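First the structure, in the form of structure tokens, and then the observations on it.
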């Protein structure tokens, strides 16, 4: 039998109260925002940007749902705790300061074995 790998994923929704969803009609803004969001999440999680996926960007100010694939359950738990208790420490990019204080909700971790 081949060994199984376990995938650890942290899912969260981060709200940016000073952003307007209409700004995402500008494809250049949308692409730049998504790239910067992924870069900051990856840096804070200690993973590569390819391990961060933006799942959706929706209204409610602006709500960004994403998932981050982590190397271990311990790392996933640590990053989930950071998102829950100090999400502002994740988004320090100068542009993100203008988007209002971030608020993380629906932070969860899941682990699944893959053959």
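Residue numbers (this note's numbering): 6 to 120. Beta carbons are placed, not taken as given, at the ideal position from N, Cα and C, and that holds for glycine. From a predicted model like this one, the values you see are computed outputs, not experimental measurements.
The segment 29-36 and the segment 91-108 do not touch, with fewer than three beta-carbon pairs separated by less than 8 Å. Per the DSSP secondary-structure output, residue 72 pairs in a beta bridge with 16, 58. For residue 111, the enclosing beta strand (DSSP E) starts and ends at 107-119. Taking C-beta atoms under 8 Å as the contact rule, residue 78 and residue 20 fail to qualify, at a distance of about 27 Å. Segment contact: the segment 44-60 against the segment 77-93, three or more CB-CB distances shorter than 8 Å; contact assigned.
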